[in-house]
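If you count the sequence shown from 1, you need to add 73 to reach this note's numbering. Backbone N, C-alpha and C define an ideal beta-carbon position, used for all residues, glycine too. Because the structure is a prediction, the values reported are computed rather than measured.
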Amino acid sequence: MKSAFVSIIGRPSSGKSSFINRVCGYKVSIVTPVPQTTRNRIRGIYNGTNVQLVFVDTPGYHLSEKKFNLQMTKLIQDSLEDVDILLYMIDVSRQPGSEESSIADFVSGFNGPKVVVMNKIDIKQNYLEGHKAFVQTRLKDAPIFAVSAMTGEGIPELLNYLEEIAPEGTRYYDDDIYTDQEPSFRIAEIIREKVILETREEIPHSIYIEILDMEMQEEGKSLWVRGIIYTERDSQVGIIVGHGGNRIKKIRKEAEKELSAIFPYRVKLDLRVKVKKKWRRDDALLKKLIF
Ligand SMILES: Nc1nc2c(ncn2[C@@H]2O[C@H](COP(=O)(O)OP(=O)(O)OP(=O)(O)O)[C@@H](O)[C@H]2O)c(=O)[nH]1
Ligand SMILES: [Mg+2]
């Protein structure tokens, strides 16, 4: 038996969360086209016959001096503690730039096996060769795998390799578990995903979700959840609520549908929108939200 912790590091929107979902076979981590969707360290577990790989999804590595981003950068650094393998994910549909350079520097500082994953090879117009040349100068000995988190291409080969280099060890989790997230966190994340998908523009980075109450009803057949969508400005409340409340209703319906498929009971949401000005500068709140 072998087991390993594998941390996934890469630029925002490189496909880290899509990859973890594909490998684990379930929605572990939320995915949107908006960069900086993931804000936490999220574990997704892959169970093979003789191997367990615990993947750790992380926020996109983004150079910025803002408090909110610094907190996430620290989280990425912390995610390498007690990790066996680092998986460095690159989006081949975008050219390597200065951000990629600083991630490569960060990756090269990791004291353990590093594996480079070139993602989105299903996009035919790509910079795969340029990225390979870039990586070979930065991380000479790291093996390179080309995959598509969207189609699954190349992923079995990568998993085989990870199994090969994983250290001997026992399972960290039972083999029927694919994530260790608290239900309240998963519910908040799915709500956040639906808000991002339904709104875009300035909204995605301005929101956070707080779950206030959860109550099991109908003898365990349904879970009632009360949550608040916090936003930064008064003007954003109307955008989220929509004309006659139609957008918030759509957000609620979409989230309920997905949550009811994830959990063994129906999930009913009661959502409100409130303003919390400058919350991204509130240290105590950031500590609570970004972990
Ligand atoms: N064509 C294509 N699109 C992909 C692939 N992998 C991810 N995407 C898309 O890329 C976008 C970002 O995907 P995510 O999985 O959220 O990326 P991420 O690295 O987790 O992003 P952050 O959490 O913001 O750091 C989404 O629109 C995905 O559908 C892929 O293999 N091929
Ligand atoms: Mg993500």
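Practice task
Would you give the residue range spanned by the alpha helix (DSSP H) that Gly-203 belongs to?
Solution key: Here the alpha helix (DSSP H) through Gly-203 covers 201 to 211.
Problem - Proximity winner among Ser-221, Thr-252, Leu-160, relative to Ile-196 (alpha-carbon distances) - result: When only C-alpha atoms are compared, the closest one is Ser-221.
Exercise for the section: Could you check the C-alpha separation between Ser-403 and Asp-214 for me, to the nearest Å? Expected result: Within the shown structure, residues of the chain are numbered from 74 to 364, placing residue 403 beyond reach of any answer.
Exercise for the section: Kindly list the residues whose CB is nearer than 8 Å to the CB of Ile-194, restricted to its own chain and excluding five residues on each side of it in sequence; keep chain order. Expected result: Same-chain partners within the cutoff: Val-165, Leu-201, Ala-219, Val-220, Ser-221, Glu-226, Gly-227.
Problem - Within the segment 273 to 338, ranges of the alpha helix (DSSP H) (whole runs, at least 4 residues) - result: Correct list: 307 to 314, 319 to 335.
Problem - Lys-100 CB to nearest heavy atom of ligand 2 below 7 Å - result: No; taking the cut-off as 7 Å, the Cβ of Lys-100 has no heavy atom of ligand 2 nearer than that.
Handout entry: Alpha carbon of Ile-115 to alpha carbon of Ser-137, nearest angstrom
Key = Taking the CA atoms as reference points, Ile-115 sits about 22 Å from Ser-137.
Handout entry: DSSP-derived helix/strand/coil call for Arg-112
Key = Correct three-state label for Arg-112: coil.
Handout entry: Check: Ala-219 C-beta below 7 Å from any heavy atom of ligand 1
Key = Checking every heavy atom of ligand 1 against the Cβ of Ala-219, none is found closer than 7 Å.
Practice task
Tell me where the beta strand (DSSP E) around Ser-80 begins and ends.
Solution key: Its beta strand (DSSP E) spans residues 75 to 83.
Practice task
Check whether the Cβ atoms of Val-188 and Pro-216 lie closer than 8 Å to each other.
Solution key: Yes, these two residues count as a Cβ contact at 8 Å.
Handout entry: Cβ neighbours of His-278 in the same chain (closer than 6 Å, five flanking residues each side left out)
Key = Within its own chain, no residue has a Cβ closer than 6 Å to the Cβ of His-278 once the five positions on either side in sequence are excluded.
Problem - Contact under 8 Å by Cβ, Val-190 with Tyr-234 - result: No, they are not a contact pair.
Practice task
Flag Lys-205 as yes when its Cβ comes closer than 7 Å to any non-hydrogen atom of ligand 1, and as no otherwise.
Solution key: Ligand 1 has no heavy atom closer than 7 Å to the beta-carbon of Lys-205.
Exercise for the section: Could you tell me the boundaries of the alpha helix (DSSP H) in which Ile-196 lies? Expected result: Under the DSSP assignment, Ile-196 falls outside any alpha helix (DSSP H); it carries neither an H nor an E label.
Problem - Rounded C-alpha distance that separates Lys-366 from Gly-318 - result: This structure does not reach residue 366, given that the chain is present from 74 up to 364, and the question cannot be answered.
Practice task
Grab me the residues of Glu-377's own chain with a C-beta within less than 6 Å of its C-beta, minus the 5 sequence neighbours each way, in chain order.
Solution key: The structure shown does not extend to residue 377, since the chain is modelled only from 74 through 364, so no value can be given for it.
Handout entry: Span of the alpha helix (DSSP H) around Phe-92
Key = For Phe-92, the enclosing alpha helix (DSSP H) stretches over residues 89 to 97.
Exercise for the section: Tell me whether Asn-123 counts as near ligand 1, meaning its Cβ is closer than 7 Å to at least one heavy atom of that ligand. Expected result: No, since every heavy atom of ligand 1 falls outside the 7 Å radius drawn around the Cβ of Asn-123.
Problem - Reduced DSSP secondary structure (H/G/I, E/B, other) of Arg-354 - result: In this structure, Arg-354 counts as helix in the three-state DSSP scheme.
Exercise for the section: Would you kindly check if the distance between the Cβ of Val-346 and the Cβ of Val-298 is under 8 Å? Expected result: Here Val-298 is not near Val-346, since their CB atoms are 8 Å or more apart.
Practice task
Using a threshold of 8 Å, state whether the C-beta atoms of Arg-259 and Ile-335 are closer than that.
Solution key: Yes, the Cβ-Cβ distance between Arg-259 and Ile-335 is below 8 Å.
Exercise for the section: Kindly identify the DSSP beta-bridge partner or partners of Thr-252. Expected result: Answer by DSSP bridge pairing, in chain order: Gly-117.
Problem - Segment contact flag, the segment 140 to 149 with the segment 91 to 108, C-beta cutoff 8 Å, min 3 pairs - result: Verdict: no, contact absent.
Problem - Segment limits, beta strand (DSSP E) that includes Leu-232 - result: Premise fails: Leu-232 lies in the alpha helix (DSSP H), 228 to 238, not in any beta strand (DSSP E).
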